[in-house]
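S.K.:
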Amino acid sequence: REERRTTPPPLHGSTDDTEVWSLRAGFAEPEHLSIPDLTMFVPDEVVSIDEAHLSGLIHHGAYIFVLDKSKHILLLKRADTMRTCPGAWGLMGEHRRMRETFLMNVRRAVFEETGPKVWGSVNLAVNLTHSPVFYKKDYGIKNGNRKDRQLTSLWLVSLEVNAKQVKIKPDKEMTAFKWVTIAELEAWLQSAPSDFCDESIVSLMTFGLERLKQHPGVAAPGPIPSAKRPPPNAKVAPDVKPKAAPDVKPPLGVEAAPDATLSVDGKGAPDVKVAA
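Here the working numbering runs 99 ahead of the position in the sequence shown, where the first position is 1.
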């Protein structure tokens, strides 16, 4: 469980150091938006994020759906001076620094993009996939042939306050922001995908939206089925109570299996709730 903080989390490594990974022998590079088996990667070295992009090295990062109390999604507009995707709208994103956990990565992103007070309003921070999604993008000669090979964690960060109560100050990397509903974002992605940089980003956002809508804290409840009345003069069968099954004891020398519990072993990421 995470404790609430109103001061920035400690930094780990320099501001642009990140751990990179290599593929084990015999494994091919995963497909875009696939969820690969993490055992196919081995730790390699620590480099700057700029070097990771110039050389197309596999690294970690987070793409974050920040939702207010009314389930509006926070979108940020990148500055025109940014090297990649200048002037484009998108979700909050951040590369993972050396020795950061996934949750530390997300928490730092919220601190840096929205200021120190917003994290105090977080009531849920959860990974939307059981394992990172492989994101790949070649930026081409106009952008120095930079390549993005990122194991991307898709996160939901839910706030207990409405958007009007969240104070966000644009900085040199982000010039504007807005809050939109899920339906509004889906329509925007369809009508003006170029507003979100390129097809690879649009596909990642669309993939994340589908996972977001499936989360119990976001999904709209289904209609309650109405009870059907029997037709007139219909005979109603009496209630039949099933016989209780007798207790079955295990054979001598055999212990009953305990209830299964969720283990944090990389196969499944439990919800991480922020303590009140």
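Even for Gly, the Cβ is constructed at its ideal location relative to N, Cα and C. Quick caveat, the model's predicted, so the values are computed rather than measured.
Look at the Cβ atom of residue 180, then the Cβ atom of residue 271, and state whether they are nearer than 9 Å.
M.R.: Their beta carbons are under 9 Å apart, which means residue 180 touches residue 271 by this criterion.
S.K.: Could you tell me the distance, in whole angstroms, from the CA atom of residue 245 to the CA atom of residue 235?
M.R.: Straight-line Cα distance between these residues: approximately 11 Å.
S.K.: Confirm, please, whether the CB-CB distance from residue 188 to residue 295 is below 9 Å.
M.R.: Yes, the pair counts as a contact, with Cβ atoms nearer than the cut-off.
S.K.: Reducing DSSP to helix, strand and coil, say where residue 197 ends up.
M.R.: The answer is coil: DSSP assigns residue 197 none of H, G, I, E or B.
S.K.: Between residue 192 and residue 268, which are expected to be in contact by the criterion C-beta below 8 Å, what is the C-beta distance as a whole number of angstroms?
M.R.: With a Cβ gap of about 18 Å, residue 192 and residue 268 do not count as contacting.
S.K.: Between the stretch 284–294 and the stretch 142–162, are three or more C-beta pairs nearer than 8 Å?
M.R.: Judged by Cβ distances under 8 Å, the stretch 284–294 makes no contact with the stretch 142–162, as fewer than three pairs qualify.
S.K.: Thinking residue 398 and residue 223 are a contact (beta carbons under 8 Å), I'd like their distance in whole angstroms, please.
M.R.: Nothing can be reported for residue 398, as the shown portion of the chain is limited to 100 through 375.
S.K.: When you compare only the Cα positions, how much space is there between residue 324 and residue 227?
M.R.: Residue placement at residue 324 is poorly supported in this model, since its pLDDT is 49, which falls under 50; the coordinates still yield a value, given next. The alpha-carbon atoms of residue 324 and residue 227 are separated by roughly 29 Å.
S.K.: Which term fits residue 243, buried or exposed, when burial requires 16 or more other beta carbons within 10 angstroms of its beta carbon?
M.R.: Counting Cβ neighbours within 10 Å, residue 243 comes out exposed, since fewer than 16 surround it.
S.K.: Buried or exposed for residue 212, please, with buried defined as at least 16 other CB atoms from any protein chain shown within 10 angstroms of its CB.
M.R.: Residue 212 is buried by the Cβ-count criterion.
S.K.: For residue 137, does the count of other Cβ atoms within 10 angstroms reach 16, so buried, or fall short, so exposed?
M.R.: Answer is exposed; the Cβ neighbour count stays below 16.
S.K.: Please classify residue 240 as buried or exposed, where buried requires at least 16 other C-beta atoms within 10 Å of its C-beta.
M.R.: Flag for residue 240 reads exposed.
S.K.: On the DSSP bridge list, what partners appear for residue 226?
M.R.: According to DSSP, residue 226 bridges with 254.
S.K.: Between 126, 122, 155, 161, which lies nearest to residue 231 when the distance is taken from Cα to Cα?
M.R.: Here the closest residue by C-alpha is 161.
S.K.: For residue 117, name the three-state secondary structure that DSSP assigns.
M.R.: Reduced to three states, the DSSP call for residue 117 is strand.
S.K.: Look up residue 300 in the DSSP assignment and say whether it is helix, strand or coil.
M.R.: Of the three classes helix, strand and coil, the one that applies to residue 300 here is helix, per DSSP.
S.K.: In three-state DSSP terms, what is residue 160?
M.R.: Correct three-state label for residue 160: strand.
S.K.: In whole angstroms, give me the CA-to-CA distance for residue 132 and residue 311.
M.R.: The alpha-carbon atoms of residue 132 and residue 311 are separated by roughly 15 Å.
S.K.: Among all the DSSP beta bridges, which residues are the ones paired with residue 234?
M.R.: Answer by DSSP bridge pairing, in chain order: 249.
S.K.: Could you give the C-beta distance for residue 260 and residue 168, rounded to a whole number, given that I count them as a contact under 8 Å?
M.R.: That belief holds up - the Cβ atoms of residue 260 and residue 168 are roughly 6 Å apart, short of 8 Å.
S.K.: Per DSSP, what are the beta-bridge partners of residue 141 in this structure?
M.R.: Its beta-bridge partners are 121.
S.K.: Using 10 angstroms around the beta-carbon of residue 118, count the other beta-carbons present and answer buried if the total reaches 16, otherwise exposed.
M.R.: Classification of residue 118: buried, given that the 10 Å Cβ count is 16 or more.
S.K.: Quick check: is the beta carbon of residue 287 nearer than 9 Å to any beta carbon in chain D?
M.R.: Looking for chain D here will not work: only one protein chain is present.
S.K.: Alpha carbon to alpha carbon, how far is residue 148 from residue 281?
M.R.: Their Cα atoms are separated by approximately 31 Å.
S.K.: Tell me whether residue 267 sits in a helix, a strand or coil according to DSSP, three-state version.
M.R.: Three-state result, residue 267: coil.
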